[in-house]
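Taken in order, these protein sequences are the chains called W, E and H. Numbering-wise (this note's numbering), the first sequence opens with residue 101 and increments by one. Numbering-wise (this note's numbering), the second sequence opens with residue 7 and increments by one. Numbering-wise (this note's numbering), the third sequence opens with residue 3 and increments by one.
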Amino acid sequence: MSTAAYPSAQLMLEPAANGSEGQLLEVSMGPQHPSTHGVFRMNVALDGERVVKLKPVFGYLHRNHEKIAESETYLGSMPYTDRLDYMCSITNNWGYALAVEKLAGIVVPERAEYLRIITGELTRLQNHACLIGFLMQDMGASGTPLMYAFRERESILDLFESLTGARMMCNYMRFGGCRADMPAGWLEQAQKVVAAFPRFLDEYEQLLTGNEILMERTQGVGVLSARLAVSAGISGPMARASGVNYDIRKVDKYGIYERFAFRVPLGEHGDVYDRYMIRLLEMRESVKILEQAMRTIPAGPIVDPKLRIRGFRPKAGEAYGRIESPKGELGFYLISDGSPNPYRYRVRPPSLINLTVLEDLCLGHNVADIVVILGSVDIVLGEVDR
Amino acid sequence: MNLETIKSELEAGVPGCQLEIVANASPSGQHSLLIDAEHAVAVAGFLRDVIDLRLDYCSNVTGIDWPPKELSEKVKVKKIVDGVEREAEEIHKTQFAGHLEVVYHLFSVEKRHGPITLRMRTRDREAGVHLPSLTPIWRSAEFQEREIFDLFGVIFDGHPDLRRLLMWDEFEDHPMRRDYVDPDDFEYEPTAHDEVLRRAKQHLSEMGGQ
Amino acid sequence: MLGSGILKGMVETARNFLGSYIGKDRLTTVQFPEERLPQIEAARSFPFLVYDGADWQQGMRCVSCQICEKECPPKCIFIEKSKDKKPDAMGKPQFYPAVFDIDISVCMSCQICVEVCPFDAIKMDVDFELSTDDRFGGLLFDKQRLSKSNEYYNAIHPTEAGAVDAHFAEERAKLEAKTKAALHAKLALAAEAQVAGGEPR
């Protein structure tokens, strides 16, 4: 079926009828760009330096994840979910495992829930640290905050490697628990890493938060109102920076998040500076959760021993499961028809939905601000395009 | 939060709308409400503003392809055999016409509940693929409806900017449909996979020759 | 004072810079390949086939059940069953793979093949320096390239291999006990038959 009736606006602007040079300049901040967080393109119409129109274009990393999942078993899709938001593979796994557990009515043992929370919050720590690092990098800080963040991330990735076997593509969650239990000495090492984290955050804040250049470039830039955020389906730190008090860990209470005391930081202005501060504060809250979880983790099985890995056939039906991933609300919608492969497998990508308002945020700002605003939205193209 | 109550309130508030509750057999218990295309925008507006639920957050919009297939079910009928009425089993074949479906998952940020699932079905999979766009009600549907247009072929009337999202603009056909076939002239480098298969067969012949 | 935030930040970078001369935690660069980090035990790169003993063909544990081939998500394993049988790790005659190829350019190191193997025959290697200039053949590993000894497995994953070896030892002990019991029963029956037959012992 042809979509010729719905052509894409390759040129957003009409050529001026009288042949004189137009006032507006159309620029494609093309797919190869050091600051677009992946293969992401923006068609921007500029009046001098100010943005008049902005259309995001993506699909360069479309790998057909949803269609592949229709020909794989449920377990076979798990390694592919690692590669969605490739910075946070463990939370992707968790979202998928949660959806399948909802679909099939599987109960997760307690120790596995603790392991999930520990690894999930470690993922959130390294994601937010890197996100701030990348935001600074886009702003021109030449990599210093980024490399400090990567130094901390290395210690977390070492923890992942000794627990799951891989640094980034962890493939750690299973339906009904986790794949592997902690090796000897892992908990002590993890507690050391988490104990050292607040000092790193203090140093990071000293470097960045009061920095006049940062404040000039981010305060008042890319303001998102709470009303637009809710209507546009914005979730995660981006929505909370606009004052929307919605954290799925507190609302859905999935896993055993109820047992841990942590607060949800909210922003007032909804600008880029607020989104940066929210991520810093969320890292501190994650450290709190980690300390509590690692202190109280019980012994026990990490997966129900009666569940088989092979031959998993959930009953026909459907389920929508969602978690608070570091980027926002990551949801999986599964339709089963009783066979080993899902009939329909849908990923609700937070990065894609958060991009809905990119044009609204950038209008009226300068070209230099586009990069900063895009950095604060926190997109990973693996998730946007799937 | 009961779907039955929601249905009755909607039937009272949006006159003429045809609603149906679609049960969900899985333990998740997420039943959905099938709404008709004509009154969809009114129903959605009602759900967002008027009804007590305040469903202001549309989380997920999914497209599903149900291709046409033949359904057969065993039915017990009374037949007269040799003058005696007996019960016999017959196989009734019905033709399922096939349609596309769009599913909306709604939550409420204000009241902190959800999900409420809405479904809309197209008439068929060829010409009757028009559905009203719910983007004017929930802005988050904008990109997701574009994706469903791109990958399934559902045309959303009233969408502010309906064009392909993930595939390039000159692309024909809709990849996520169940009957989509990869074109042979697709430009790709022969992957190691095909080569691998040839080598694997070569290994076997070598081993067999030993 | 305008600029005090920037100056505070410079104190921080100075601390990191000067600290890198003093403490190891500030200088985290490892000069690869002259220096290497110790291998983390659970690390995984690509699969390999385990063989017991000295002969890689006779000692191979794989019985060509093809479960890993079916469960592999990107379908990078290619197995052809043999026509004859050979004794497996427990001594029972089983089929073995005539062809066992893994295309590591497709493999995504997900470890599902290891998880589903009922015979502990395929395990994850840690070798990552596998570059080659032959894009197709060089990355298609055949049975011989994939076979590595149980000693190697114990060297790279001591805890895991120890558990597998203990499991095999237990199974062999059970099998031995069973055959001994069966032999005793047979002898006892034979003795009884002799006595019943009335033959003088």
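Every residue, glycine too, gets a C-beta built ideally from N, C-alpha and C. Owing to the predicted nature of the structure, the values given are computational and were not obtained by experimental measurement.
Taking the beta carbon of residue i as the centre, do at least 16 other beta carbons fall within 10 Å, making it buried, or is it exposed?
{"i": "S6 (chain H)", "result": "exposed"}
{"i": "I79 (chain H)", "result": "buried"}
{"i": "E295 (chain W)", "result": "Strictly speaking, residue 295 (chain W) in this sequence is Ala, with Glu absent from that position. A295 (chain W) comes out exposed."}
{"i": "E195 (chain E)", "result": "Because the pLDDT of E195 (chain E) is 40, which lies under 50, any placement of that residue in the model is unreliable, and the question is left without a value."}
{"i": "N8 (chain E)", "result": "exposed"}
{"i": "Y155 (chain H)", "result": "buried"}
{"i": "M239 (chain W)", "result": "buried"}
{"i": "A190 (chain H)", "result": "exposed"}
{"i": "D191 (chain E)", "result": "Because D191 (chain E) sits at a pLDDT of 44, beneath the cut-off of 50, its placement in the model cannot be relied upon, and the following sentence gives the value as read from the coordinates. By the 10 Å Cβ count, D191 (chain E) comes out exposed."}
{"i": "E14 (chain H)", "result": "buried"}
{"i": "Q123 (chain W)", "result": "exposed"}
{"i": "L53 (chain E)", "result": "buried"}
{"i": "V144 (chain W)", "result": "buried"}
{"i": "E193 (chain E)", "result": "Residue placement at E193 (chain E) cannot be trusted, given a pLDDT of 40 that sits under 50; the coordinates are not used to answer."}
{"i": "S262 (chain W)", "result": "buried"}
{"i": "I97 (chain E)", "result": "exposed"}
{"i": "P401 (chain W)", "result": "exposed"}
{"i": "I24 (chain H)", "result": "exposed"}
{"i": "G134 (chain E)", "result": "exposed"}
{"i": "P120 (chain H)", "result": "exposed"}
{"i": "W174 (chain E)", "result": "exposed"}
{"i": "G164 (chain H)", "result": "exposed"}
{"i": "L185 (chain H)", "result": "exposed"}
{"i": "L463 (chain W)", "result": "exposed"}
{"i": "I27 (chain E)", "result": "exposed"}
Quick check on the DSSP output: the alpha helix (DSSP H) that includes residue i runs from which residue to which?
{"i": "H165 (chain W)", "result": "H165 to S171"}
{"i": "S32 (chain E)", "result": "That residue, S32 (chain E), is in no alpha helix (DSSP H); it is neither H nor E in DSSP."}
{"i": "D147 (chain W)", "result": "D147 (chain W) -> not in any alpha helix (DSSP H); beta strand (DSSP E) instead, spanning R141 to D147."}
{"i": "S242 (chain W)", "result": "It is not in any alpha helix (DSSP H) - S242 (chain W) carries neither H nor E in the DSSP assignment."}
{"i": "T396 (chain W)", "result": "V372 to T396"}
{"i": "R408 (chain W)", "result": "Premise fails: R408 (chain W) is in no alpha helix (DSSP H) and is neither H nor E."}
{"i": "R327 (chain W)", "result": "A326 to S331"}
{"i": "D487 (chain W)", "result": "Any property of residue 487 (chain W) remains undetermined from this structure, which presents chain W solely from 101 to 486."}
Using 8 Å for Cβ pairs, my map puts residue i next to residue j. What's the rounded Cβ distance?
{"i": "I124 (chain H)", "j": "C67 (chain H)", "result": "About 11 Å; that fails the 8 Å criterion."}
{"i": "L522 (chain W)", "j": "G195 (chain W)", "result": "The question about residue 522 (chain W) has no answer, for chain W in this structure spans 101 to 486."}
{"i": "H137 (chain W)", "j": "M383 (chain W)", "result": "Wrong, their Cβ atoms sit about 20 Å apart, outside the cutoff."}
{"i": "R349 (chain W)", "j": "P365 (chain W)", "result": "Rounded, the Cβ-Cβ distance is 13 Å, inconsistent with contact."}
{"i": "V108 (chain H)", "j": "P76 (chain H)", "result": "5 Å"}
{"i": "E312 (chain W)", "j": "I8 (chain H)", "result": "6 Å"}
{"i": "E116 (chain E)", "j": "D62 (chain E)", "result": "6 Å"}
What does DSSP give as the partner residues of residue i in its beta bridges?
{"i": "F80 (chain H)", "result": "H:D103"}
{"i": "N66 (chain E)", "result": "E:H111"}
{"i": "D71 (chain E)", "result": "E:L106"}
{"i": "H137 (chain W)", "result": "Answer is none; H137 (chain W) lacks a bridge partner."}
{"i": "P156 (chain W)", "result": "W:M142"}
{"i": "M92 (chain H)", "result": "Answer is none; M92 (chain H) lacks a bridge partner."}
So which residues on chain W does residue i lean against when the C-beta distance must stay under 7 Å?
{"i": "Q113 (chain H)", "result": "G265 and N271"}
{"i": "G5 (chain H)", "result": "E312"}
{"i": "V118 (chain H)", "result": "I409 and R410"}
What does residue i touch in chain H if you count any residue whose Cβ is under 9 Å from its own?
{"i": "S262 (chain W)", "result": "I42, E43, A44 and A45"}
{"i": "P283 (chain W)", "result": "E43, A44 and T161"}
{"i": "T191 (chain W)", "result": "None at all; the shortest Cβ gap to chain H is about 17 Å."}
Can you pull the chain E neighbours of residue i, defined as C-beta to C-beta under 8 Å?
{"i": "T456 (chain W)", "result": "R145, S146, E148 and F149"}
{"i": "S436 (chain W)", "result": "S32"}
Can you list the residues of chain W that residue i reaches, using a CB-CB cut of under 8 Å?
{"i": "D62 (chain E)", "result": "V330 and S331"}
{"i": "I8 (chain H)", "result": "N311, E312 and I313"}
Looking at the secondary structure, which residues open and close the beta strand (DSSP E) in which residue i lies?
{"i": "G421 (chain W)", "result": "G417 to S425"}
{"i": "E126 (chain W)", "result": "L125 to M129"}
{"i": "P138 (chain E)", "result": "H136 to P138"}
{"i": "R17 (chain H)", "result": "First-last for R17 (chain H): S6 to I24, but that is the alpha helix (DSSP H), not the beta strand (DSSP E)."}
{"i": "K150 (chain H)", "result": "S149 to S151"}
Below 7 Å on C-beta distance, what does residue i contact in chain E?
{"i": "L203 (chain W)", "result": "S32 and S34"}
{"i": "R279 (chain W)", "result": "The premise fails here: R279 (chain W) is roughly 23 Å from chain E at the closest Cβ pair, so nothing lies under 7 Å."}
Quick one: which chain W residues come within Cβ less than 9 Å of residue i?
{"i": "E73 (chain H)", "result": "T173, L175, G176, I409 and R410"}
{"i": "S65 (chain E)", "result": "G333, S335, Y420, R422, E429, G431, R448 and I453"}
Listing by chain order, which chain H residues have their CB less than 8 Å from the CB of residue i?
{"i": "Q226 (chain W)", "result": "Within 8 Å Cβ-Cβ: nothing; Q226 (chain W) doesn't reach chain H, min ~15 Å."}
Just the chain H side, please: which residues come within less than 7 Å of residue i by C-beta, in chain order?
{"i": "Q319 (chain W)", "result": "Result: empty, since nearest Cβ-Cβ is about 13 Å, beyond 7 Å."}
Cβ closer than 9 Å: which chain E residues qualify as neighbours of residue i?
{"i": "A416 (chain W)", "result": "A31 and S32"}
Using Cβ-Cβ distances below 7 Å, what residues of the region 19-43 of chain E are close to chain B?
Looking for chain B here will not work: the only protein chains present are W, E and H.
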